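Asks: Here it is, the structure in full.
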């Protein structure tokens, strides 16, 4: 106590300076002691903190490296699955062992840094050992080519083990972060305790330095450490936006801040590395997929950049492009220049190629074309398929593929050649069959013209004529199958009377059925319209085939034909139906039931195939080709229906078919030849009418004028269109022309030009103009209609069609009775469709001519007899003599025109020849001239020469038969 009092007294007596000095000294001592104490404690904290940061940062880096090694092991395992080299697969085992050793080394290093986590790290090591063992099993299975076992291990064991291991490693990382947080909090608490202890030790004596000490403690130590702690907490949440402060300081806080900055950068680098590894793996996988896909497709993939000026360069080409283009890939990638030079075509083919690309550049339409490229001595066809996309700079990017279609082109060429040979064969066979058949029909018609023929004989001859017509239909069936097979068959839609069709069917088969002791009957359900629109020939053709088969395979009982209709619905649309578009659309259902041998289910399954019958026994016993049912079903399908059979062995069969038809309000006119072979006569209403006949061929004018005058008409003639216009314009009012019969091709002015000029005159706006020409193709008929002509008559002109056509336009009410659309006279069930319905556009001109000409004989006596019936004997003989002379002279002119290559003159001569010869019965020559006219128009010298030879042969044989026919009279 006294000493303390003394000290205080002494101190109180000290001057201010001394006090200040004392206080400063005391402050210095206390400060020194406090600083020593605080420094000692803070150094310990700093060491612990540095050790903590170093330990946790290094452990995090080692854990990250271990994770990368694990990812590389996983990639190595998946890569082995697509590896084809066994040695590479075995090398993967060695690499896996190395990766496992490196992984264990990282775990050992981490365990040394954080011994507290030894148990968890040991668990990770064990799981990793198991995962690497599974990886080794996978590689071993793959090297043994047991990919399925490898995939089973991957999906069943390896992937679950890998996920569990990754979870443990993530847990280890999270635990490390948690420990770091706890240690940071603990060290922070120790720091605060140190500051508090220092403040208490200094006591009141350090009151004067409290502000300084507080400032140092708060602003230089406490707050920076708290900020660093908050930084660490945010880093544990992977938030890297905050900037670590204090790194510029050189004291302990600065060291801590720098260590924290290193830890932050390490975590960021690890995260970036993980993202890059994942992205690299995905990019590698996509790249491998793209390479595999481009290598798997049959062609070569390319990407071409084309500027608006046509300058191109390749951005990408697959490896197969080298084979297709004949140049290495690297050379193609360096190739730049005009787009037409891309394919290495000769200059003659570059213009078309450039036009294709220019069109696509303008419209962005996809490219689709074939070009023939040459690589040395080898040529191949290259198909280009590419899409076009406009780029911002105006260029176009083509993404496409090149395909080698050489084989397809060769196959198409072979198929075309086979089709040509097939058509030629059918034309020859048709001619060889039709030649004797034409004689049968001609003799039957001549016999029927004999008025003294007894009724029973006339009936027999009429039946023979009808049977010949039906035999002609059978010949046509063979051609029909070829047309159906080639997609060239065209159906008719004409008015017809169903009762007449069925009556003809009964007349055809009544006697045949009675001869076998069978009852034949036809039943028509109520409500079936008698007048229909459809193709009666094809409907009758199917019925004839079904009934003929039924009688053939039935020994006792009956054969019954049933006919019914129902309104068409969308459900009735067959493969070729156009859909229901009007309330008059009907479905005609025809069935032929017999009590014959019946069919098994297996026989029925093959019955409608071409050249197939139930079995070989039937073929031997009953004969036949097995073609009829196949044609019947195809015809039914073309008519918008179908065909089938219901049958059982021993219980008979019911063959049925359906066809789309329409209800017709008007009856059908009888077709040519349907009234037997009786000579047609002109309607009485035509007598006294005046017509203008325009044709540049004098023989044609004489023949046509004779036909018209035999019908009681007054005929004026003109040799060309200009003369016709003058006659019409200069004709007095008392001379009234009721119609004009106009040829198409004439010198000075053709028929089409004359008709257009005529239609511009109001006086002749409604004057019927009928084309009478050898131009009988569809496009020719359309041209006549477009020019203003009302109707069309194909040469040679038959009386039936001539009178029917004139009646249609000149007899009151005749237009409505025949056809509102001026269609040709309708066909019936058992007549052949007109040649105008044939579609030969797919055949070369030479084969087309052979097909058309082969459909007729060299000479048709019926046409000559019809011509004889029109003229007197003297006038007829003079016409024939003039015709023979004209043929010989015209053939000489044809040869002259060919030698001079005067194609227009050649075509005109051939056209005039074709328009004449048919009227005198030279049908074969008439058909060949049509093909020759087309060849001359195309200036095809090879086909012209071949067809001229055919024409000479047909003319010689035709004239020979004509002279023989005249000598027999």
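Residue numbers (the working numbering): 386 to 1354. Glycine included, C-beta positions come from ideal geometry on N, C-alpha and C. Here the structure is a predicted model, which means the values were calculated and not measured.
Compare the C-beta of residue 1286 with all C-beta atoms of chain C and state if any pair is closer than 9 Å.
Replies: Checking the listed chains, one finds no chain C in this structure; it contains a single protein chain.
Asks: Considering only DSSP beta bridges, list what residue 1043 is partnered with.
Replies: DSSP, once it has assigned bridges, lists 974 as partnering residue 1043.
Asks: Under the three-state reduction of DSSP, which class applies to residue 1180: helix, strand or coil?
Replies: Coil.
Asks: At the level of alpha carbons, what is the spacing between residue 542 and residue 477?
Replies: One C-alpha to the other measures close to 19 Å.
Asks: Classify residue 425 as buried or exposed, calling it buried when 16 or more other Cβ atoms lie within 10 Å of its own Cβ.
Replies: Counting Cβ neighbours within 10 Å, residue 425 comes out exposed, since fewer than 16 surround it.
Asks: Which partner residues of residue 1330 appear in the DSSP bridge assignment?
Replies: BP columns for residue 1330 are empty, so no partner.
Asks: Please tell me whether residue 906 and residue 945 are closer than 9 Å, where the distance is taken between their beta carbons.
Replies: Contact flag set, yes.
Asks: Entirely within the segment 660 to 727 and at least 4 residues each: give me those alpha helix (DSSP H) ranges in chain order.
Replies: Complete alpha helix (DSSP H) runs here, min 4: 706 to 710 and 714 to 719.
Asks: Can we say the segment 1331 to 1345 touches the segment 1299 to 1310, given the rule of at least three CB pairs closer than 8 Å?
Replies: At 8 Å Cβ cutoff, the stretches touch.
Asks: Can you have a look at residue 611 and say buried or exposed, based on whether 16 or more other CB atoms are within 10 angstroms of its CB?
Replies: So residue 611 counts as exposed.
Asks: Residue 1135 to residue 888, Cα distance in whole Å?
Replies: One C-alpha to the other measures close to 46 Å.
Asks: Going straight from the alpha carbon of residue 1201 to that of residue 1050, what length do you get?
Replies: Confidence at residue 1201 is low in this model, with a pLDDT of 42, below 50, so the placement of that residue is unreliable and no value is reported for it.
Asks: Taking Cβ positions, are residue 909 and residue 880 nearer each other than 9 Å?
Replies: Result no, Cβ atoms of residue 909 and residue 880 do not sit closer than 9 Å.
Asks: Are there 16 or more other CB atoms within 10 angstroms of the CB of residue 1335, so buried, or fewer, so exposed?
Replies: Residue 1335 should be labelled buried.
Asks: Among 657, 633 and 529, which residue has its Cα nearest to the Cα of residue 646?
Replies: Cα-wise, what sits closest to residue 646 is 633.
Asks: Does the contact criterion of 3 or more C-beta pairs under 8 Å hold for the segment 439 to 450 versus the segment 554 to 574?
Replies: Judged by Cβ distances under 8 Å, the segment 439 to 450 makes contact with the segment 554 to 574, as three or more pairs qualify.
Asks: Spell out a yes or no on whether the segment 518 to 527 and the segment 478 to 490 are touching, meaning 3 or more CB-CB pairs, one atom from each, closer than 8 Å.
Replies: Touching, yes, given that three or more Cβ pairs across the two stretches are closer than 8 Å.
Asks: Can you give me the C-alpha to C-alpha distance between residue 1006 and residue 1043, rounded to a whole angstrom?
Replies: With a pLDDT of only 46 at residue 1006, under 50, the local geometry of the prediction cannot be trusted, and the value read off the model is given with reservation. About 30 Å.
Asks: From 1139, 1133, 1143 and 1093, pick the residue whose C-alpha is nearest to that of residue 1185; which is it?
Replies: Measuring from the Cα of residue 1185, the nearest candidate turns out to be 1093.
Asks: Cutting at 8 Å between CB atoms, please list the residues of its own chain near residue 1195, excluding the five before and the five after it.
Replies: Cβ within range, chain order: 1070, 1071, 1074, 1123, 1124 and 1153.
Asks: Check residue 927 in the structure and name its three-state DSSP category.
Replies: In this structure, residue 927 counts as helix in the three-state DSSP scheme.
Asks: Quick check on this structure: which residue in 1097, 904, 1047 and 839 has the alpha carbon closest to the alpha carbon of residue 882?
Replies: The candidate whose alpha carbon is nearest that of residue 882 is 1047.
Asks: Contact between the segment 785 to 799 and the segment 754 to 766: three or more CB pairs below 8 Å?
Replies: Judged by Cβ distances under 8 Å, the segment 785 to 799 makes contact with the segment 754 to 766, as three or more pairs qualify.
Asks: For residue 832, which residues from the same chain have a beta carbon less than 6 Å from its beta carbon, with the 5 sequence-adjacent residues on both sides left out?
Replies: Closer than 6 Å at the Cβ level, and outside the excluded window around residue 832, lie 846.
Asks: Between which two residues does the alpha helix (DSSP H) harbouring residue 897 extend?
Replies: Residue 897 -> alpha helix (DSSP H) spans 883 to 900.
Asks: Would you call residue 581 buried or exposed, if buried means 16 or more other Cβ atoms sit within 10 Å of its Cβ?
Replies: Its Cβ having fewer than 16 others within 10 Å, residue 581 is exposed.
Asks: Rounded to the nearest angstrom, what separates residue 931 and residue 1014 at their Cα positions?
Replies: The alpha-carbon atoms of residue 931 and residue 1014 are separated by roughly 8 Å.
Asks: Take every Cβ of the segment 1131 to 1151, pair it with every Cβ of the segment 1170 to 1184, and state whether three or more of those distances are shorter than 8 Å.
Replies: Cβ pair count under 8 Å is three or more, so yes.
Asks: Where residue 655 and residue 487 are concerned, what is the direct C-alpha to C-alpha distance, given to the nearest angstrom?
Replies: Each residue's Cα considered, the two are about 18 Å apart.
Asks: What three-state label does DSSP hand residue 755 in the structure shown?
Replies: Three-state result, residue 755: strand.
Asks: Under the rule that 16 or more other beta-carbon atoms within 10 Å means buried, what is residue 539, buried or exposed?
Replies: Flag for residue 539 reads buried.
Asks: Check the C-beta distance from residue 948 over to residue 913 and give it rounded, since I have them as a contact under 8 Å.
Replies: Right, the Cβ-Cβ distance comes to about 6 Å (below 8 Å), so this counts as a contact.
Asks: From the DSSP output, in three-state form, read off residue 915 for me.
Replies: Three-state result, residue 915: coil.
Asks: Could you check which residue in 1097, 1085 and 628 has the C-alpha nearest to that of residue 1157?
Replies: Comparing Cα positions, the closest option is 1085.
Asks: Which one of 1259, 783, 1166 and 452 has the shortest CA to CA distance from residue 689?
Replies: When only C-alpha atoms are compared, the closest one is 783.
Asks: Below 8 Å, can you find three or more Cβ-Cβ pairs linking the segment 1087 to 1107 to the segment 1315 to 1328?
Replies: The segment 1087 to 1107 is not in contact with the segment 1315 to 1328.
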